[in-house]
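As numbered in this note's numbering, the sequence shown has no gaps in its residue numbers, which increase by one up to the final residue, 1539.
Everything below concerns the one structure shown next.
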Amino acid sequence: MGTTAEAVMTAPAPVTGSLIHSVTRDPQARTTVVRLHGELDVLTAPELVPALLGLADDGNRELVLDLSGVGFCDSSGASAFLQVNRRLAAGTRLFLRGVPRQPAKVLRLLGVNRAVPCEFAQPARPEAAERRDRPSHCRS
1400 MGTTAEAVMT
1410 APAPVTGSLI
1420 HSVTRDPQAR
1430 TTVVRLHGEL
1440 DVLTAPELVP
1450 ALLGLADDGN
1460 RELVLDLSGV
1470 GFCDSSGASA
1480 FLQVNRRLAA
1490 GTRLFLRGVP
1500 RQPAKVLRLL
1510 GVNRAVPCEF
1520 AQPARPEAAE
1530 RRDRPSHCRS
């Protein structure tokens, strides 16, 4: 019997020019992790929905979208997540993780985080940012 690490498979993006950076499947856990990269907007969101539904159509229990590489998301991106969530097969759960600051604001504002579980990225500590912004001779 193989270990879980042996069962995990990683593949490059299935669609050239897509937001999908990589796909990692864990057949034992029946989970697919899709790492997104770039800007999710009115131009890119429409291609994302069918691509994600195709990746989730393998008997998964969980489709995890890693948004740590997404720098921008507008209402079209938020709508895409809601569409995918509604159209997933029964028993499959969508989860958004590593949601950066700007996409997090949009998802919270539009209430996506109430329909889809989200894990928001931790913001930098404000005092650390303040120290970086001060000239070096003023730092304590």
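Built from N, CA and C at the ideal position, the CB exists for glycine as well.
Unbroken alpha helix (DSSP H) stretches of 4 residues or longer found wholly inside the stretch 1430-1462: 1444-1455, given in chain order. The C-beta distance from residue 1462 to residue 1431 rounds to 5 Å, short enough to meet the 8 Å contact threshold. Taking C-beta atoms as the reference points, residue 1428 and residue 1481 fail to come closer than 9 Å. Taking C-beta separations shorter than 6 Å and ignoring five residues to either side along the sequence, residue 1488 has no partners in its chain.
Residue pairing by DSSP places residue 1468 opposite 1436 in a beta bridge. Scanning its chain for C-beta atoms nearer than 7 Å, with the 5 sequence neighbours on each side dropped, one finds around residue 1448 the residues 1479, 1482 and 1483, in chain order. Here DSSP, grouped into helix, strand and coil, assigns residue 1476 to helix. For residue 1492, the pairing in a beta bridge is given by DSSP as 1461. Between residue 1500 and residue 1467, the gap from beta carbon to beta carbon reaches 9 Å or more.
Here residue 1509 has 1474 and 1477 as same chain residues with Cβ atoms under 7 Å from its own Cβ, once five neighbours each way along the sequence are excluded.
Residues of the same chain with a CB within less than 7 Å of the CB of residue 1418, apart from the 5 flanking positions on each side, are 1435, 1436, 1437, 1439, 1443 and 1447 in chain order.
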